[in-house]
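Here is the structure we will look at.
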Amino acid sequence: MATEPKPAETAKEEEAKEPKKICKRVQSMGSRRGERICMTREEWREYNRGN
């Protein structure tokens, strides 16, 4: 009889598959308070190339 994986094990496997998100505060025009943006390392590279 096969046993089903525990929910905690499944969550860990999903986290390993997804790239880690990096959150930063980015200043927006007309506001002193920064906006929080979360992206993967590769998405941040693309974002910074455009600036």
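For the sequence shown, the UniProt record's numbering begins at 1 and goes up steadily by one. We put the CB at the ideal spot given by N, CA and C, even for glycine. Model, not experiment: these values are computed from the prediction.
Cutting at 8 Å between CB atoms, please list the residues of its own chain near residue 42, excluding the five before and the five after it. 19
In chain order, what residues of the same chain have a beta carbon less than 8 Å from the beta carbon of residue 22, not counting five sequence neighbours either side? 38, 39, 40, 41, 44
Opening and closing residue of the alpha helix (DSSP H) in which residue 41 lies: 41-49
Between which two residues does the beta strand (DSSP E) harbouring residue 25 extend? 21-26
Is the beta carbon of residue 29 within less than 7 Å of some heavy atom of the ligand SAH? Because no ligand of any kind appears in the structure shown, any question about the ligand SAH cannot be addressed here.
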